[in-house]
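Just remember that the numbering used here sits 541 ahead of the position in the sequence shown, which is counted from 1.
The beta-carbon is built from N, C-alpha and C at its ideal position, and this holds for glycine as well.
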Amino acid sequence: MREKEIRSWRAPEFWLVVVMLLVLTALVFIVLWMPFDSSETGVSTMPTPEKLKTEDLETEDLLKYNEDLLEYNKSIFEYNKDLLEYRKTILTVIVTAFGAWVGAGAAYFFSRENVRETAESMLKMREPTPREILLKTPIREIPPREIRWTVKVTDTLEGVLEKLKAVPTYWFIPVVDDKGRLDTVIEEEAVWRFVDKESENKTPYEEIKKKKISDMLAYLDMEKKLKKKVIDKFVSVTMDESAGHANELMQKKDCSVAIVVNEKGKPTHFLTTGDVREVLLRVG
542 MREKEIRSWR APEFWLVVVM LLVLTALVFI VLWMPFDSSE TGVSTMPTPE
592 KLKTEDLETE DLLKYNEDLL EYNKSIFEYN KDLLEYRKTI LTVIVTAFGA
642 WVGAGAAYFF SRENVRETAE SMLKMREPTP REILLKTPIR EIPPREIRWT
692 VKVTDTLEGV LEKLKAVPTY WFIPVVDDKG RLDTVIEEEA VWRFVDKESE
742 NKTPYEEIKK KKISDMLAYL DMEKKLKKKV IDKFVSVTMD ESAGHANELM
792 QKKDCSVAIV VNEKGKPTHF LTTGDVREVL LRVG
């Protein structure tokens with residue numbers, strides 16, 4: 542309701558009506574109070590014979606003076622009558638023109654408001670699309686899956702290899718810093734590529750397991766093409782963001798996992814494009 546009130550007084554139609562009313566007021570003031578030169582209407586000045594000043598006025602002169610005075614008053618009456626008629630005509634034209642102007646502006650404004658209200662009502666009646674539902678669905682309502690395993694760059698590959706073998710569903714590895722904040726995400730493929738590379742270099746498997754995550758990251762820095770495919774292929778989101786927003790971020794970055802972090806930047810949950818598709822199937 543507040544938004545509609547602000548929109549109404551900011552609308553151009555509102556200010557157009559205000560300007561029209563101000564102009565109308567100014568024109569009415571000009572017409573009613575503008576002085577007119579009576580000399581152009583044939584009205585003479587009031588007769589004042591010289592003998593009247595000496596109080597020695599004869600009967601004929603007095604009659605003549607009275608006739609002149611009567612004629613003067615008659616001309617004044619006619620002048621005022623014509624002036625009022627003139628002002629009446631001008632005001633009629635002004636009020637009629639402004640009435641039509643205001644009426645046209647009001648008709649346009651209310652017709653546009655009716656169209657807008659009708660459109661809004663139709664949008665409310667229309668069933669929301671799956672994308673609109675996703676944009677209104679918080680990630681916490683999906684719900685996302687919990688992250689129960691993270692590593693640091695100082696950790697050895699032995700623990701990583703054991704975890705990947707024990708839990709085949711783990712296909713990415715969240716890497717955190719010393720404070721537990723999310724640093725990057727490495728896909729499982731990077732681990733096996735690094736192991737294969739070390740095996741080709743005749744490195745014993747026991748030695749490979751003792752290598753650190755930082756060694757694997759150094760290897761990926763040299764393999765630019767591989768690095769683009771297996772590292773940083775994620776987006777970071779929060780629980781309060783919508784599933785639709787997370788899905789759009791994943792599409793833009795061409796990745797399939799979104800890591801949910803808390804207010805301290807620590808990874809807590811994750812969701813994938815597959816989770817989003819399941820939501821779409823449910824709402825569809």
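- Rounded to whole angstroms, E608 and E626 show a C-alpha spacing of 27 Å.
- With fewer than 16 other Cβ atoms inside 10 Å of its own Cβ, S652 counts as exposed.
- A straight line joining the alpha-carbon of F735 with that of T710 spans about 20 Å.
- 8 Å or more divides the Cβ of V558 from the Cβ of V656.
- Inter-residue distance for A647 and E654 is about 10 Å (C-alpha atoms, whole angstroms).
- When Cβ pairs closer than 8 Å are counted between the two stretches, the segment 680-689 is seen to touch the segment 805-825, the count reaching three or more.
- The Cβ-Cβ distance between I800 and S777 falls below 8 Å.
- Contact between the segment 723-734 and the segment 757-772 is present: 3 or more CB-CB pairs across the two stretches fall below 8 Å.
- For V732, the enclosing alpha helix (DSSP H) has its first and last residue at E729 to E741.
- Boundaries cannot be given for V694, as no alpha helix (DSSP H) includes it and DSSP labels it neither H nor E.
- Distance from the CA of T697 to the CA of I754, rounded to the nearest whole angstrom, comes to 6 Å.
- Proximity of the segment 788-798 to the segment 740-755 falls short of the contact definition, fewer than three beta-carbon pairs being nearer than 8 Å.
- Looking from the CA of V634, the closest CA among S662, L568 and P715 belongs to L568.
- Of all alpha-carbon atoms in Y613, F570 and E661, the one lying nearest the alpha-carbon of V636 is that of F570.
- The continuous stretches of alpha helix (DSSP H) do not include P715, which lies in the beta strand (DSSP E) extending over residues F713 to V717.
- E748 is the residue among D719, R681, E748 and D724 whose C-alpha sits nearest the C-alpha of E699.
- A straight line joining the alpha-carbon of A638 with that of L563 spans about 14 Å.
- Boundaries cannot be given for S783, as no beta strand (DSSP E) includes it and DSSP labels it neither H nor E.
- The C-beta separation of T678 from G785 comes to about 7 Å, placing the pair in contact by the 8 Å criterion.
- Under a 10 Å Cβ-count criterion, A787 is classified as buried, with 16 or more other Cβ atoms of the shown protein chains found around its own Cβ.
- When rounded, the separation of the alpha-carbon atoms in R722 and P715 is 10 Å.
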